[in-house]
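Notes follow the structure.
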Amino acid sequence: MLEQSMMEKTLKLLRSFDGVLEVAPVEGDDVPPIAWGDHFFYYAPDGIAPRRQPYATIITKNYPDDVSSDLDRPGRWRLNIHVGRELVAELTPDASAAASDPAAPDPAASDTAASDTVLPHPLYGRQGWIAIVEPGPATADLTERLLRQAHDDDRRRVTRSGD
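Position one of the sequence shown corresponds to residue 337 (my numbering), numbered consecutively onward.
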C-alpha cells in the first residue's frame, strides 16, 4: 500500500476539524481560474463561505505576484497558515529581525523556495502568515500544532463576532 503524500495527510487533518469549511475551486467554478486546484480553509460550521480571509491555504502554483516559492515545478505546493505577527517573529527570528532592522541580513537572500522550512509568507508575513513549501518530517509536528491553533483562533473570532 502506498504511503499517503504529505499534502493528503495535511488535507485529511484539516478536514477533520469541527466546523471546517474547505473551499477547493475547480475548473468551471465561479472563481478566477488562478485559484483552481488550491484549497482555502475557514471555520464555518454553517457551511457558507464567509467574507473573510481563510486561516489556512494550500497553494499549488505560482500566482502572478507570488513566484518566490517556485511552485510551478511539478509536485510542489505550499501550506500557508495565519499564526499572528508575534508567532511569525518567534518562528522566523532571522527573517523577522531583517524586516525591522536595516542592518540585519537581507531576507530576500534567504531561500524562499526551501522545502520543509518555516518561513514568513512571501507577501503576507507582516500580516501574521507563515509559509511552508512542501512540509515534511522537519515541520510535521509543528505544522499540525499550528493548523489546530489557527482553526481554534478562527473559531474564537467567529464565535466572538457572531459571524
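Yeah, the Cβ is synthetic: ideal placement off N, Cα and C, and Gly gets one too.
For residue i, which residues from the same chain have a beta carbon less than 6 Å from its beta carbon, with the 5 sequence-adjacent residues on both sides left out?
i, result
"I395", "D374, R414"
"D490", "Y379, Y391"
"A360", "H375"
"W372", "P361, V362, E363"
With a threshold of 7 Å on Cβ separation, who are the neighbours of residue i within its own chain once the five nearest residues in sequence on each side are excluded?
i, result
"P471", "M342, T346, L415, D452, T479"
"H487", "F353, V356, Y379, Y391"
"S404", "T448, A449, P458"
"D402", "P458, L459"
"D406", "R412, A449"
Determine the burial state of residue i: buried for a count of at least 16 other Cβ atoms within 10 Å of its Cβ, exposed for fewer.
i, result
"P429", "exposed"
"V362", "exposed"
"G461", "buried"
"P410", "exposed"
"P456", "buried"
"T393", "buried"
"T495", "exposed"
"S497", "exposed"
Answer yes or no: do residue i and residue j have a C-beta to C-beta separation smaller than 8 Å?
i, j, result
"V356", "F376", "no"
"I466", "I417", "yes"
"L349", "E358", "no"
"G464", "R421", "yes"
Give the DSSP bridge partners of residue i, in chain order.
i, result
"W465", "H418"
"H375", "I394"
"E358", "F377"
"L455", "A467"
"Y327", "No answer is possible for residue 327: it lies beyond the span of the chain, which begins at 337 and ends at 499."
Who are the Cβ neighbours of residue i in its own chain at under 8 Å, not counting the five residues just before and after it?
i, result
"P400", "I370"
"D477", "none"
"R484", "F353"
"Q389", "H418"
"T517", "Missing from the structure shown is residue 517; the chain here goes from 337 to 499 and no further."
Report back the beta-carbon spacing between residue i and residue j to the nearest angstrom; my notes put them in contact at under 8 Å.
i, j, result
"V424", "L482", "Their Cβ separation, rounded to whole angstroms, is 11 Å, which puts V424 and L482 out of contact at 8 Å."
"D408", "N398", "5 Å"
"R412", "V469", "7 Å"
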